[in-house]
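Participant: One structure, as structure tokens, below. Some questions next.
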Amino acid sequence: MSTVEATAADAPAVVVRNPVETRRRIRVGVIVGISALLMLWMWVTTKSGDVSFAPTSPFDEHQLSPITFPAQQTALISLLIMVGLGLACVFTRGAVAATLGFVVGVAFLLGFLCWAYAGQPLPITNPLQGTLSYATPLIFGAMAGALGERAGVINIAIEGQFLAGAFAASVSATVFGNYMGLIGGAAAGVVIAALLALFAIRYLVNQIVLGVVLVVFAGGITSFLLDQIPQDKQLTLNNPVVLQPKAIPGLSNIPVVGPALFTQTVLVYIMYASVVLVTFLLFETKWGLRVRAVGEHPTAADTVGIKVKWVRWQAVLLGGVFAGLGGAFFTVGTNGAFDKDVSAGNGFIALAALIMGRWHPIGATLAALFFGFVFQMQNQLQLLQRIPSELLGMTPYIATVIAVAGFVGRVRPPAADGEPYVKG
Amino acid sequence: MNEQAKTEQPAPSDGPGEPPVARNAVANLSAYLPTVTLTIASIVLALLVGAVLIIVSNDDALSKFSYFFSAPLDGIKAGLNAVGDAYWALLKGSVGSGAALSGTLEKAAPLICGGLGVSLAFRAGLFNIGAQGQLIAGATAAAYVGFTWNLPVVVHLLVALIAALVAGGVWGGIVGLLKAQTGAHEVILTIMLNYVAVQILRWLLGLNAFQAPGSDNPTSPVVDSDARFPQLFGVHLGFYVAVLAAVGVWWLLSRTTLGFEMRAVGANPDAARTAGMSVAKAYVLAMVIAGLLAGLAGAQQIVGHQDPLTDGIAGSIGFDSITVALLGRATPSGTVLAALLFGALQSGGIQMQAATGTPLSLSTVLQALIVLFIAAPALVRAIVRIRSQDGGGTVLAKGWNA
């Protein structure tokens, strides 16, 4: 914890004594200090031997030879990088600090992997494919959230949209074929979005309350409907054919990343497109300017003739399409049949990704990928059984707490986010 | 920060904030009347929507509706029968007999405690989605003390309860502390800590110390008989403890300086800070007390309901607590009434499922619909044509940080 004391002692020497900055330094210092101590312990307990990284999965056509490196030495290097750059991170700010913080995080991960995998026969497999699979619904959900919240409507109901989308996608895919499942899922997402818009925009309901209620409602109604499907009709109503991956010619042949990124289901390709689309719509079009205007300062937007409520409706409904597709991922995209609570809280994680990404589609996507990566690592490390899988299971959530409390802190949401607009 | 919860009455003659406290019984009643009509109207509307779902789920009614245009009476009759049967079973299963009634009260007990926790945080301007996690923490502590320690009769129960309170309070306090120190949003923190609590519980249940002897299942033994709530008038003591807790929260909020500070911070943190109150202190204490209450809800399940500790111990109580608090408009008395209603819906729902085959999930749908209608008084007024008392305005809630 010496870092902390050093920070507190050195703070008065800084040219501008900004209490906010000092607190940030203490926060970052505490986190870097704790993780460096953890790393120190891991380096001491790392077994000797080599660790290898397999860039291709055993099922790929083009096999690349694994990269091998000595565990203990790499762990030591990680520790040194963490201490050095961590200290630098405490005394810098802005983009430099962010970059340094990122490198410190990567060093920690590297050291941790050395500790976990040393003396194990398994190679570290390429986590790209799994990361993407975990992140896809999160990104869809975050896009829905970004659209709504940029327009000033808080969307906590992403989880509810996921559940409705997953159920509708499963049923419509079973009845009409699996691509119709995507349309069914999107439509169900829009239905929940319409409820959200109706109550939030027309009836001025507290939007956080509304979101929670809609999650309960969607959870109740989907399990009610599932109970209505008798056992003997499960096969004809709730048994979709899962979407099959399709390779994009050319791109899928890129080594290492190609098979992971470009041999995917159509839903994942739609996800790529949706990130581009939402970013483009929000920041490059007239409509996006209007959306952001009604989210930041609805009165001003109204004064220049923008129909505030109508623009909010449009943004929330469009978001519903993405959230519904995200829900479809849980049934036609991966698991097949709908089961109760199939989205297992992912909607809330998508919300966390949106806030960590500071309400920006690209930021939210990166945050969602981070979550996906942590989930995937948890999945892989479970096989080693060095750490109880339940404790590994909480790392994504603890990582979120650390990220939100330590690095993100007070984020600035759109100014009018959550405030119903009443024409004065 | 200031999700001004639904604390305002539709017709507050005494200004916003606290409901008018017994100054004049008649004036008091007339101030509450619109709220009561609105609440009843919302419940009726929710039951109507539920009726449609029951008809849709009833094969007999559905088959008769298929020839609706040739013989409409058949369909309507079958539909009404199905709805009547289901709701009659619901009513009978919730209040129809002494056993049913005590079932309802025992279901309501943890909801009262959890709902109070959410309500209290609401009043301090915090949206506590973490009742689930705090409840798990409390239940785990109560169960561990309850089945491993050997203590004298009354002491054992008390120590188990205190353990639950402390564990819940710590789990809630973490959120308050992080919020006050770093500004991290409590919605994200509580959601994440809910998951962390479940994972810790799963890990503990894998250890021998927590598993029932001679079993490898992730289930603990039931607590010792001297660490259980005794029965009193057909209901376990926990229900009375929950009602006492409601009185305590009422006293805290409306009769103490701390409660006043919490409400002031909830109403306007900037103004409270200017007035010399510590916003950080209010946040931390509100979350600690909210955690205590949710921890008590967890203890209710363990020492009251005598469940063994499993990873599903919290069920949906954590989330139901939020809807209970919303329905109760974040007041202690409202929370108790709302918890009783939800307890009746859940307890009766089990009977309904057994008697008529209407799934229990209908209860969940009904709960969500009731809260949804309550939260949108303008909609209910438009449907049932209650004369608008306050110009049709509702609670203008703020968002993430304003």
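Protein chains in written order, with the working numbering: chain A, -11 to 412; chain B, 74 to 475. Quick reminder that beta carbons are idealized off the backbone N, C-alpha and C, glycines included. Remember, it's a predicted structure, so these values are computed and weren't measured experimentally.
(1) Tell me the rounded alpha-carbon separation between Val320/A and Gly153/A.
(2) Short of 6 Å in beta carbon distance, which residues of its chain neighbour Thr124/A, apart from the five on each side in sequence? Order them along the chain.
(3) Does any C-beta atom of chain B lie closer than 8 Å to the C-beta of Pro376/A?
(4) From which residue to which residue does the alpha helix (DSSP H) around Ser150/A run?
(5) Quick one: which chain A residues come within Cβ less than 7 Å of Ser434/B?
(6) List the residues of chain A whose Cβ lies closer than 9 Å to the Cβ of Leu163/B, in chain order.
(7) Quick check on DSSP: helix, strand or coil for Asp289/B?
(8) Please confirm whether Ile19/A has its beta-carbon closer than 8 Å to some beta-carbon of chain B.
(9) Look up Ala455/B in the DSSP assignment and say whether it is helix, strand or coil.
(10) Run through DSSP, which three-state label would Asp405/A get?
(11) Could one say the Cβ of Tyr191/A lies closer than 8 Å to chain D's Cβ atoms, at least one of them?
(12) Please return the same chain residues whose Cβ sits closer than 8 Å to the Cβ of Val352/B, not counting the five positions on each side in sequence.
(13) Spell out the partners DSSP gives Asp158/B in its beta bridges.
(14) Here's the rule: buried if 16 or more other CB atoms are within 10 angstroms of the residue's CB, otherwise exposed. What is Val8/A?
(15) Using the C-alpha atoms, what's the distance from Asp133/B back to Asn154/B?
(16) If you measure beta-carbon to beta-carbon, which residues of the stretch 377 to 392 of chain A are closer than 7 Å to chain B?
(17) Does the stretch 155 to 174 of chain B come within contact of the stretch 423 to 437 of chain B, defined as at least 3 CB pairs closer than 8 Å?
(18) Between Phe336/A and chain B, is any beta-carbon pair separated by less than 8 Å?
(19) Would you check if the distance between the CB atom of Ala311/A and the CB atom of Ile146/A is smaller than 8 Å?
(20) Among the residues of its own chain, which have a CB less than 7 Å from the CB of Gln195/A, if the five just before and after it don't count?
(21) Just mark Tyr441/A as buried or exposed, buried being the case when its beta carbon has 16 or more other beta carbons within 10 Å.
(22) Using Cβ-Cβ distances below 9 Å, what residues of the stretch 80 to 99 of chain A are close to chain B?
(23) I'd like to know whether the C-beta atoms of Ile395/B and Ile202/B end up nearer to each other than 8 Å.
(24) Can a CB atom of chain A be found closer than 8 Å to the CB of Ala95/B?
(25) Quick one: what's got a C-beta closer than 8 Å to Pro349/A's C-beta in the same chain, skipping five residues either side?
(26) Taking Cβ-Cβ distances shorter than 8 Å, what residues in chain A pair up with Gly275/B?
(27) Could you check if Ala95/B is buried or exposed, using at least 16 other CB atoms within 10 Å of its CB as the buried criterion?
(28) Could you check whether the Cβ of Val125/B sits closer than 8 Å to any Cβ belonging to chain A?
(29) So, does the CB of Asn194/A fall closer than 8 Å to a CB anywhere in chain B?
(30) Does the distance from the CB of Gly371/B to the CB of Ala212/B come in under 8 Å?
(31) Can you check DSSP and say which residues form a bridge with Thr251/A?
(32) So, does the CB of Phe312/B fall closer than 8 Å to a CB anywhere in chain A?
(33) In chain A, which residues lie with their C-beta within 8 Å of the C-beta of Thr396/B?
(34) Can you find a CB in chain B that lies within less than 8 Å of the CB of Phe187/A?
(35) Which same chain residues end up closer than 7 Å to Met30/A when comparing Cβ atoms and leaving out the 5 residues on each side of it in sequence?
(36) Apart from the five residues just before and just after Leu224/B, which ones in its own chain have a Cβ nearer than 7 Å to its Cβ?
Facilitator: For this structure:
(1) The residue you call residue 320/A lines up with position 332 of the first sequence. The residue you call residue 153/A lines up with position 165 of the first sequence. Using only the alpha carbons, I get a separation of about 10 Å.
(2) By 1-based counting over the first sequence, the position of residue 124/A is 136. Excluding residues within five positions, the ones whose Cβ falls inside 6 Å are Val256, Met259 and Phe317.
(3) Sequence index remark: in the first sequence, residue 376/A carries index 388 (1-based). Yes - at least one Cβ of chain B is within 8 Å of the one on Pro376/A.
(4) Residue numbering aside, residue 150/A sits at position 162 when the first sequence is read from its first letter. The sequence given here has Phe at residue 150/A, not Ser. Ile146 to Phe164 is the extent of the alpha helix (DSSP H) around Phe150/A.
(5) The residue you call residue 434/B lines up with position 361 of the second sequence. Correct list: Gly208, Ser211, Phe212 and Asp215.
(6) On the second sequence, position 90 is the one that residue 163/B refers to. Per Cβ cutoff of 9 Å: no residues; Leu163/B is ~14 Å from chain A at best.
(7) To locate residue 289/B, count along the second sequence from 1; it is residue 216. Reduced to three states, the DSSP call for Asp289/B is coil.
(8) Along the first sequence, one-based indexing puts residue 19/A at 31. Chain B contact via Cβ: absent.
(9) Stepping through the second sequence from its first residue, residue 455/B is reached at position 382. Ala455/B: helix per DSSP, three-state reduction.
(10) On the first sequence, position 417 is the one that residue 405/A refers to. DSSP places Asp405/A in coil when its eight states are reduced to three.
(11) Checking the listed chains, one finds no chain D in this structure; the protein chains it contains are A and B.
(12) Counting from 1 along the second sequence, the entry for residue 352/B is found at position 279. If we look at Val352/B and ignore the five residues flanking it on each side, its Cβ neighbours are Ala253, Val338, Pro342, Ala345 and Arg346.
(13) Here residue 158/B refers to the residue found at position 85 of the second sequence. Beta-bridge annotation (DSSP): Asp158/B is not paired with any residue.
(14) In the first sequence, the residue the question calls residue 8/A occupies position 20. It counts as exposed.
(15) Looking up residue 154/B in the second sequence gives position 81. Looking up residue 133/B in the second sequence gives position 60. One C-alpha to the other measures close to 10 Å.
(16) Glu378, Leu379, Gly381, Met382, Tyr385, Ile386, Thr388, Val389 and Val392
(17) yes
(18) Counted from its first residue, the first sequence places residue 336/A at position 348. Interface residue, yes.
(19) Walking along the first sequence from the start, residue 311/A turns up at place 323. Walking along the first sequence from the start, residue 146/A turns up at place 158. A contact, by the Cβ cut-off of 8 Å.
(20) Working through the first sequence from its first residue, we reach residue 195/A at position 207. Cβ within range, chain order: Val141, Ile142, Ala188 and Gly406.
(21) Since the first residue of chain A shown is -11 and the last is 412, residue 441/A is not available in this structure.
(22) none
(23) Locating residue 395/B in the second sequence gives position 322, counting from the first residue. Locating residue 202/B in the second sequence gives position 129, counting from the first residue. Between Ile395/B and Ile202/B, the gap from beta carbon to beta carbon is short of 8 Å.
(24) Within the second sequence, numbered from 1, the residue matching residue 95/B stands at position 22. Because Ala95/B sits at a pLDDT of 42, beneath the cut-off of 50, its placement in the model cannot be relied upon, and the following sentence gives the value as read from the coordinates. No, its Cβ sits nowhere closer than 8 Å to a Cβ of chain A.
(25) Taking the first sequence and counting its residues from 1, one reaches residue 349/A at position 361. The answer, listed in chain order, is Ala130, Met131, Ala134, Val263, Val266, Thr267 and Leu270.
(26) For the purposes of this step, residue 275/B is taken as residue 202 along the second sequence, with counting starting at 1. It is worth fixing the name first, because residue 275/B is Arg in this sequence and not Gly. Simply Glu378 and Gly381.
(27) For the purposes of this step, residue 95/B is identified with residue 22 of the second sequence, where counting begins at 1. Note that Ala95/B scores a pLDDT of 42, beneath 50, so its modelled location is shaky; the value from the coordinates is reported in the next line. Residue environment analysis places Ala95/B among the exposed positions, since fewer than 16 neighbouring C-beta atoms fall within 10 angstroms of its C-beta.
(28) Translated into positions along the second sequence, residue 125/B becomes position 52. Not an interface residue.
(29) Counting from one through the first sequence, the residue named residue 194/A turns up at place 206. Yes, because at least one Cβ of chain B sits closer than 8 Å to the Cβ of Asn194/A.
(30) Counting from 1 along the second sequence, the entry for residue 371/B is found at position 298. Counting from 1 along the second sequence, the entry for residue 212/B is found at position 139. Yes. Within cutoff.
(31) Taking the first residue of the first sequence as position 1, residue 251/A is located at position 263. Thr251/A pairs with Ala235/A.
(32) Start at 1 with the first residue of the second sequence, and residue 312/B comes out as number 239. No, Phe312/B lies away from the interface with chain A (no Cβ there is under 8 Å from its Cβ).
(33) Walking along the second sequence from the start, residue 396/B turns up at place 323. Residues of chain A passing the Cβ test: Val200, Val201 and Val204.
(34) For this step, residue 187/A is matched to residue 199 along the first sequence. It does; some Cβ of chain B falls within 8 Å.
(35) On the first sequence, position 42 is the one that residue 30/A refers to. Answer for Met30/A: Ala63, Gly99, Phe100 and Trp103, listed in chain order.
(36) Indexing the second sequence from 1 puts residue 224/B at position 151. Excluding residues within five positions, the ones whose Cβ falls inside 7 Å are Val232.
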